Structures are given as structure tokens and as C-alpha cells.
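Q: Residues 1015 to 1198 (this note's numbering) are what the sequence shown spells out, left to right.
No residue lacks a Cβ here, since even glycine has one placed at the ideal position from N, Cα and C.
Please read all numbers here as calculations on a predicted model, not as lab measurements.
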Amino acid sequence: MNNLTSTFRLRWPECGLSTLIRIALCSMLCFIGVVLAVTSVKAHEGASGIIKQRMEAMKSMGDYAKLVGDMFKGKASFDLDTIRMASESFIRHGQTIPMQFPDTPESREGPMTEASPAIWDDWQQFTALAEQFIRDSRQLEAVAAMLQTSETLDDTSTRNVRSAFFKAVKSCSNCHENFRLEHE
Ligand code: HEC
């Protein structure tokens, strides 16, 4: 949306549009922008029951993954507590994954779900990937537990946490590649 807006902005002067039309266009674009923003925030709202529950669990892991990812990209300062909370969230939610994908018509085909039918065709592989994800998250927890405070981190320990974190989030995408149909 931002790209679209800036494309329009850049082109207006060349078009020689009158001020009035520019104002009208601007309000229209702003309106569309607001509608899109609201729609994306409400993406879960058509979902209910088990689908909504698992989406919220995934979303919460996604939020932690972003927080920690930003630290390693230098966009946020390093914070050990956040890493510990992230690993705790990954383990806790990881353990609920098998329960959150029951083989029921609602779970398979309810509104908004991006769950692939492959989950139930290949349940063993799906739960094995959930197990692997939990193992990787425990490893992240263990590495983070060995460190004292963010201030005393040296290069080696930062590297260890970093690689444990990226291994855990690689496990997220390993599962998504096979079992999540992304609608966007
Ligand atoms: C064992 C498989 C598996 C693992 C591991 C897994 N996911 Fe997912 N994830 C899924 C499936 C399946 C869906 C689609 C669920 C649905 O739409 O009903 C999903 C959906 C999501 C969504 C979209 C939720 C929404 O609001 O629609 C996000 C974000 C997400 N996962 C993040 C993560 C992150 C981050 C991790 C790791 C920290 C992770 N997932 C680990 C299977 C997995």
C-alpha cells in the first residue's frame, strides 16, 4: 500500500492535475489505506474456535520471532529476557500444535484457515516437525540459560544464541513449507 501511495504521489506533478482533483484523489487513497489496514488487523476475525486459537498461538510466536530477529539484524538492542520469553513461548505453543489440529471438518475447512490437507494425510511428518521445533526451541532455551546478563555477552555466546534462534525459526518454515497454504 505504501508503495502504491508513493507511486501516485510521485506521478501527480507530471499529470498536471488541478488541486481539487489532487485533494479528492488523496482522500480516496487515504480511505482505501484505512480500509486495508483495518482488514489486515481483522484478518483473524472470520476465524473461530480451534482455528482462531491456533492462529493466535502462531501469531504470538510470530511476534516473538520478529522481536528477536530484529535484535540480530541490529534493529533492536540485544535483550536476553526477550530471548528467554521467546523460547518459552515456542516450547509452550509447540507442545500444543498436535492438539490444535484435530481431524474434524471444522478444523480442516473452517473459515480463514491456511492449514493444508497434507497435515492429516501425513500426520506423522507433521507431528515430527512439531517435535523437531520443540527440540530446537529447548536448545535455544538452554543456550540462553547459560548466559548471565545481556551486558556480559561476548562474541561467542552471542553467536551461539543467534545460531540456536535461527535454527528454531528454520523449523517454523520447514513446517510452513509443507503444511501451510499461505493465502496472501
Ligand atoms: C509443525 C508445524 C508448524 C510449526 C512448527 C510452526 N507453524 Fe506456524 N503455522 C502452521 C500451520 C499449519 C499454520 C496455518 C494454521 C491455520 O491457518 O489454520 C500456521 C500459521 C502460522 C501463522 C499465521 C497465523 C495467522 O494469523 O493466520 C504464523 C504467523 C505462524 N504460523 C508463525 C509461526 C512461527 C513464528 C513458528 C515458529 C516459531 C511457527 N509458526 C511454527 C504450522 C506450523
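Can you give me the C-alpha to C-alpha distance between alanine 1158 and serine 1171, rounded to a whole angstrom?
A: Taking the sequence shown and counting its residues from 1, the one referred to as residue 1158 is at position 144. Taking the sequence shown and counting its residues from 1, the one referred to as residue 1171 is at position 157. Using only the alpha carbons, I get a separation of about 9 Å.
Q: Can you tell me which residues form a DSSP beta bridge with alanine 1159?
A: For the purposes of this step, residue 1159 is taken as the residue at position 145 of the sequence shown. Alanine 1159 pairs with nothing; no bridge assigned.
Q: Do you know whose CA, among Cys1189, Glu1196, Ala1061 and Leu1195, lies nearest isoleucine 1111's CA?
A: Locating residue 1111 in the sequence shown gives position 97, where the first residue counts as 1. Nearest option by C-alpha distance: Cys1189.
Q: On the criterion of 16 or more Cβ atoms from any shown chain inside 10 Å, does leucine 1018 qualify as buried, or is it exposed?
A: Here residue 1018 refers to the residue found at position 4 when the sequence shown is read from its first residue. Note that leucine 1018 has pLDDT 48, beneath the 50 cutoff, so the model's placement of it is unreliable and no number is given.
Q: So what does DSSP say about alanine 1129, is it helix, strand or coil?
A: Here the question's residue 1129 lines up with position 115 in the sequence shown. Of the three classes helix, strand and coil, the one that applies to alanine 1129 here is strand, per DSSP.
Q: Excluding the five sequence neighbours on either side, which residues of its own chain have a C-beta within less than 7 Å of the C-beta of asparagine 1174, listed in chain order?
A: Looking up residue 1174 in the sequence shown gives position 160. The answer, listed in chain order, is Val1157.
Q: Taking 8 Å as the line, does the beta carbon of phenylalanine 1092 fall inside it for any heavy atom of the ligand HEC?
A: By 1-based counting over the sequence shown, the position of residue 1092 is 78. Checking the Cβ of phenylalanine 1092 against the ligand HEC gives no.
Q: From glutamate 1059 to phenylalanine 1115, what distance separates their C-alpha atoms?
A: Walking along the sequence shown from the start, residue 1059 turns up at place 45. Walking along the sequence shown from the start, residue 1115 turns up at place 101. Roughly 19 Å separates the two Cα atoms.
Q: For the ligand HEC, any of its heavy atoms closer than 8 Å to the Cβ of glycine 1063?
A: Working through the sequence shown from its first residue, we reach residue 1063 at position 49. No.
Q: My understanding is that serine 1103 touches methionine 1075, with C-beta atoms under 8 Å, so please give their C-beta distance in whole angstroms.
A: Taking the sequence shown and counting its residues from 1, one reaches residue 1103 at position 89. Taking the sequence shown and counting its residues from 1, one reaches residue 1075 at position 61. Sure, about 6 Å apart at Cβ, within 8 Å.
Q: Which residue or residues does DSSP assign as beta-bridge partners of arginine 1194?
A: Your numbering for residue 1194 matches position 180 in the sequence shown. DSSP, once it has assigned bridges, lists Ala1129 as partnering arginine 1194.
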